[in-house]
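Last residue of the sequence shown: number 197 in our numbering, and the count goes up by one each step with no gaps.
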Amino acid sequence: MALRAELQSLYGNPPPYRLSSALKGIHFPPAGQRYKLRIRYGRYRTQTQILAYTPKHPNTLQLVEIQDWSYPIKWSDREPLQACFEKREGADDILLHQNGVIRDSSYANIAFLKEGRWFTPDTPLLPGTKRAKLLSEGLFTERRITLSDLKEYEGFQLINALLVFDPDFAHPIERIWGAD
């Protein structure tokens, strides 16, 4: 669902602003370091921040089950995700599943490699923009991926707007803990 429609469903009316207006007057830092632009938006206003960004490169994921909750847009309150992240048992990140169906990691979508092809769950918690781009380019295929399916895959890669997707790289599937 488009962001404007999401905001309308949350607030009952479309917001009285365009997110593009949040970019006016921002002074971007000089090139050389990576930054991310955070735009927080609400019913009546937006707030912007430019933050230094260091990419995360998790090598291991702990499977964590979630109950019936959804995450259709990014929320500032990440308490449910943080509570799940604390269950990672020494892994670098978590891989969330709900009713036996694979969803996402704590901050990224995921893709799985099988016989030279990449697949991404058809039930992400948050269908990210990079995921959508890679799907539209035909690099991924959406598929229902269950816990029992994991053993069929050779590897995985986390994907989001700030991570570079490398179709020739995959973490071994054995680095997903709790899938036995």
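Virtual Cβ for every residue (Gly too), placed ideally from N, Cα, C.
Classification of residue i by the beta-carbon crowding that lies within 10 angstroms, buried from 16 upward
i	result
Gly145	buried
Phe186	exposed
Pro46	exposed
Val81	buried
Tyr28	exposed
Tyr61	exposed
Ala108	buried
Where residue i sits in the DSSP three-state scheme
i	result
Met18	Residue placement at Met18 is flagged as unreliable, the pLDDT there being 46, under the threshold of 50; the coordinate-derived value follows with that caveat. Residue state, collapsed to three classes: coil.
Pro189	strand
Ser123	coil
Ala69	strand
Gln174	strand
Glu169	helix
Enclosing alpha helix (DSSP H) for residue i [first to last residue]
i	result
Ala149	146-153
CA nearest to the CA of residue i, picked from the options
i	options	result
Lys73	Lys168, Ala125, Leu143	Ala125
Leu98	Ala108, Ile127, Glu106, Leu112	Leu112
Phe136	Thr71, Arg62, Asp110, Ile176	Ile176
Lys53	Asp139, Leu167, Arg134, Leu179	Leu179
Span of the beta strand (DSSP E) around residue i
i	result
Phe102	Counting along the chain, Phe102 falls outside any beta strand (DSSP E), though it belongs to the alpha helix (DSSP H) covering 96-102.
Asn126	126-131
Leu80	78-82
Residue j beta carbon less than 8 Å from that of residue i
i	j	result
Ser122	Leu78	yes
Arg55	Gln66	yes
Ile193	Thr163	no
Leu143	Gly172	no
Phe182	Leu151	yes
Pro138	Leu156	no
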